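Undergrad: Before I ask anything, let me first share the structure, which is written out below as structure tokens.
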Amino acid sequence: MKPLNHVKKLLIVKTAVLLILFAFLAGNQLQAQERQPARLERLNYSINTDTADITSLDIEAITFGLEFKLTDINYLETSLRYDNDDLDLQGTWLIDFTEDTPHDMRLRLNLSSEDGLDSFEPALGVGGRFPREGREHYFFGHLDYYFDVSSSSLVYNGGVGYPLTYNSNIKLSIGNAFWDRDDHQLNFGMEIEF
1 MKPLNHVKKL
11 LIVKTAVLLI
21 LFAFLAGNQL
31 QAQERQPARL
41 ERLNYSINTD
51 TADITSLDIE
61 AITFGLEFKL
71 TDINYLETSL
81 RYDNDDLDLQ
91 GTWLIDFTED
101 TPHDMRLRLN
111 LSSEDGLDSF
121 EPALGVGGRF
131 PREGREHYFF
141 GHLDYYFDVS
151 SSSLVYNGGV
161 GYPLTYNSNI
171 KLSIGNAFWD
181 RDDHQLNFGM
191 EIEF
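In full-length UniProt numbering, the protein residues as written are 1 to 194.
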């Protein structure tokens, strides 16, 4: 990957902020019909390291994500990922089909940026969050299939979350990312629920 100059980095950041703002405003507009504003549900932050080089803390990427609740079954998740070269964006529409259960099983419709923000690739997947009965920790994961990529079209992530406080969790997972599909990554992060 080529290093980005300052102007291009600034353009990418501005574009990402505008996309997040657009998603938030679009969610609010959709909710205006039902008199329920879109609500921020979760904030995620994680660092990602390559499992092949786990002896050192060589950070491969940093990911920041927001999840908004649009309706009882519709959610919007946005993620920004920086890997020392590119700033990438992913938007996911989540449709929860287990609304009245403690488990979250969701259909995932993704758009992920490629080569910075030059193009976007679509994906379809499933994911969820599975609490253990009588236990504080929970399991989570997702599997996405990207349609228009030449190789390694599956992206996965799975792990466990442990509560720190009533609304924050530490998460540990293993998986890959759309931007680094051939490498397995260890992810360590924090989640705050609102």
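The beta carbon of each residue, even a glycine, is placed where N, CA and C say it ideally should be.
These numbers were taken from a predicted model, which means no experiment stands behind them.
Around the Cβ of S164, are there at least 16 other Cβ atoms within 10 angstroms (buried) or fewer (exposed)?
TA: The residue you call residue 164 lines up with position 164 of the sequence shown. It is worth fixing the name first, because residue 164 is Leu in this sequence and not Ser. Exposed.
Undergrad: Would you list the one or two residues that DSSP bridges to P131?
TA: Residue numbering aside, residue 131 sits at position 131 when the sequence shown is read from its first letter. DSSP, once it has assigned bridges, lists Y138 as partnering P131.
Undergrad: Does the distance from the CB of N48 to the CB of T63 come in under 9 Å?
TA: In the sequence shown, the residue the question calls residue 48 occupies position 48. In the sequence shown, the residue the question calls residue 63 occupies position 63. Yes, Cβ-Cβ distance for N48 and T63 is below 9 Å.
Undergrad: Under the three-state reduction of DSSP, which class applies to A38: helix, strand or coil?
TA: Within the sequence shown, the letter at position 38 stands for residue 38. A38 falls in the coil class under three-state DSSP.
Undergrad: So, for E193: in the same chain, excluding its five sequence neighbours on each side, which residues have a beta-carbon less than 6 Å away from its beta-carbon?
TA: Taking the first residue of the sequence shown as 1, we reach residue 193 at position 193. The answer, listed in chain order, is R42, N167.
Undergrad: Measuring CB to CB, does M105 end up less than 9 Å from G134?
TA: What you label residue 105 is simply residue 105 of the sequence shown in a count that begins at 1. What you label residue 134 is simply residue 134 of the sequence shown in a count that begins at 1. Remark: C-beta atoms of M105 and G134 do not approach each other more closely than 9 Å.
Undergrad: Please report the straight-line C-alpha distance between L87 and L80, rounded to a whole angstrom.
TA: Position 87 of the sequence shown, counted from the first residue, corresponds to residue 87. Position 80 of the sequence shown, counted from the first residue, corresponds to residue 80. One C-alpha to the other measures close to 7 Å.
Undergrad: Just the Cα atoms here: how many angstroms apart are F140 and F130?
TA: By 1-based counting over the sequence shown, the position of residue 140 is 140. By 1-based counting over the sequence shown, the position of residue 130 is 130. In a straight line, the C-alpha of F140 is about 6 Å away from that of F130.
Undergrad: Report back the beta-carbon spacing between Y75 and D96 to the nearest angstrom; my notes put them in contact at under 8 Å.
TA: For the purposes of this step, residue 75 is identified with residue 75 of the sequence shown, where counting begins at 1. For the purposes of this step, residue 96 is identified with residue 96 of the sequence shown, where counting begins at 1. Contact flag correct, Cβ pair sits at about 7 Å.
Undergrad: Rounded to whole angstroms, how far is the Cβ of L89 from the Cβ of L117, which I believe are closer than 8 Å?
TA: Position 89 of the sequence shown, counted from the start, is the residue given in the question as residue 89. Position 117 of the sequence shown, counted from the start, is the residue given in the question as residue 117. So it is a contact: roughly 6 Å between Cβ atoms.
Undergrad: DSSP state of T78, grouped into three classes?
TA: Here residue 78 refers to the residue found at position 78 when the sequence shown is read from its first residue. Strand at T78.
Undergrad: Tell me whether the beta-carbon of N44 lies closer than 9 Å to the beta-carbon of E60.
TA: The residue given as residue 44 occupies position 44 in the sequence shown. The residue given as residue 60 occupies position 60 in the sequence shown. Going by C-beta atoms, N44 is not nearer than 9 Å to E60.
Undergrad: Within the continuous beta strand (DSSP E) that includes S152, where are the two ends?
TA: In the sequence shown, the residue the question calls residue 152 occupies position 152. Neither: S152 is in no beta strand (DSSP E) and is coded neither H nor E.
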